[in-house]
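What follows is a set of notes on a single structure, which appears directly below.
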């Protein structure tokens, strides 16, 4: 054989030989059917923090250990490896599957909690879709019912508090948009709805303030025939606010509006023309100045 042919054969066979013989122990185990070796190696990888590789090995063991005493362990550590690696979406699905398949496993309580944490990590800012928030809150509530004395109940309470705050802020900010865009009738209705849906909202003071502020603005921009009725509505809203928050920082601004409303109502009783009353009611009110601290809410 000519020398150049020998070199060609060596050049071709060398990569092929390396492709077979240069495989790592991990690659060989991943393809093997040696369950004990693969099982041991997977835990070794997990213990040194090689979670992605550990997850792949545990995943490859699932079929082989079905029906054995290792089945729940392999399935749990598959999910846990994904979780530790930071792939919470895959971990969520794996923990959920584990919880359904192994409700009596010694790993189940931990798996139930980590499933919650995966859900929690995937929730979104208050401005975005809150369906993941509702799903997470429901799962946390179920966990607390099933494990009322669990040592992680404090963490569950913290998650619920954070998620509830997002929902309350979304409702408050959603109503506030109507006020910002000067749709005062819609703003008044939207803020009332916020309290109807959740009377204990942490934004209750701000909501009651904007209810009163919206009704005043709506009154002032009304046709003359409707102004008296709507200023009376504002008066009710004003008293609702000060009865709950007499020392509020918003009080001073609302007091000024209340005096203007009362001045208008008194003058209507004195028989002034609606046109004259409307002009007097507007006076020198600078609407944008009445937002007080709205930008800092």
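In our numbering, the protein residues as written are 975 to 1271.
Every residue gets a Cβ at the ideal spot worked out from N, C-alpha and C, and that includes glycine.
The structure displayed is predicted, hence computed values, not measured ones.
Looking at the unbroken alpha helix (DSSP H) that takes in residue i, where does it start and where does it end?
i: residue 1074; result: 1062-1075
i: residue 1096; result: Run containing residue 1096: none; DSSP gives neither H nor E here.
i: residue 1191; result: 1178-1194
i: residue 1010; result: 1009-1021
i: residue 1129; result: 1127-1154
i: residue 1236; result: 1225-1243
i: residue 1108; result: 1105-1120
Exposed or buried, residue i, counting other C-beta atoms within 10 Å across all chains shown (16 or more means buried)?
i: residue 995; result: Its pLDDT being 47, under 50, residue 995 is placed unreliably in this model, and the coordinates cannot settle the point.
i: residue 1037; result: exposed
i: residue 1135; result: exposed
i: residue 1114; result: buried
i: residue 1154; result: exposed
i: residue 1042; result: exposed
i: residue 1191; result: buried
i: residue 1068; result: buried
i: residue 1145; result: buried
i: residue 1104; result: buried
i: residue 1142; result: buried
i: residue 1131; result: exposed
i: residue 1152; result: buried
Reducing DSSP to helix, strand and coil, say where residue i ends up.
i: residue 1041; result: coil
i: residue 1168; result: helix
i: residue 1209; result: helix
i: residue 1081; result: coil
i: residue 1046; result: helix
i: residue 995; result: Per-residue confidence for residue 995 stands at a pLDDT of 47, beneath the threshold of 50, marking its modelled position as unreliable; the derived number appears in the next sentence. In this structure, residue 995 counts as helix in the three-state DSSP scheme.
i: residue 1251; result: Low per-residue confidence applies at residue 1251: pLDDT is 49, beneath 50, and the placement is therefore not dependable enough to give any value.
i: residue 1006; result: coil
i: residue 1001; result: helix
i: residue 1052; result: helix
i: residue 1036; result: coil
i: residue 1031; result: helix
i: residue 1219; result: coil
i: residue 1161; result: helix
i: residue 1124; result: coil
i: residue 1024; result: coil
i: residue 1203; result: helix
i: residue 1090; result: helix
i: residue 989; result: Low per-residue confidence applies at residue 989: pLDDT is 42, beneath 50, and the placement is therefore not dependable enough to give any value.
When the Cα atoms are used, what is the spatial distance from residue i to residue j?
i: residue 1117; j: residue 1110; result: 11 Å
i: residue 1028; j: residue 1052; result: 8 Å
i: residue 1218; j: residue 1232; result: 16 Å
i: residue 1179; j: residue 1215; result: 8 Å
i: residue 1184; j: residue 1121; result: 41 Å
i: residue 1024; j: residue 1083; result: 24 Å
i: residue 1092; j: residue 1001; result: 29 Å
i: residue 1056; j: residue 1009; result: 21 Å
i: residue 1159; j: residue 1227; result: 20 Å
i: residue 1211; j: residue 1058; result: 53 Å
i: residue 1033; j: residue 1123; result: 33 Å
i: residue 1099; j: residue 1223; result: 28 Å
i: residue 1046; j: residue 1128; result: 28 Å
i: residue 1133; j: residue 1094; result: 7 Å
i: residue 1088; j: residue 1066; result: 8 Å
i: residue 1016; j: residue 1049; result: 12 Å
i: residue 1013; j: residue 1097; result: 34 Å
i: residue 1077; j: residue 1148; result: 41 Å
i: residue 1209; j: residue 1230; result: 12 Å
i: residue 1174; j: residue 1139; result: 11 Å
i: residue 1137; j: residue 1177; result: 15 Å
Does the beta carbon of residue i sit closer than 8 Å to a beta carbon anywhere in chain C?
i: residue 1243; result: Protein chain content of the structure displayed is limited to a single chain, and chain C is not contained in it.
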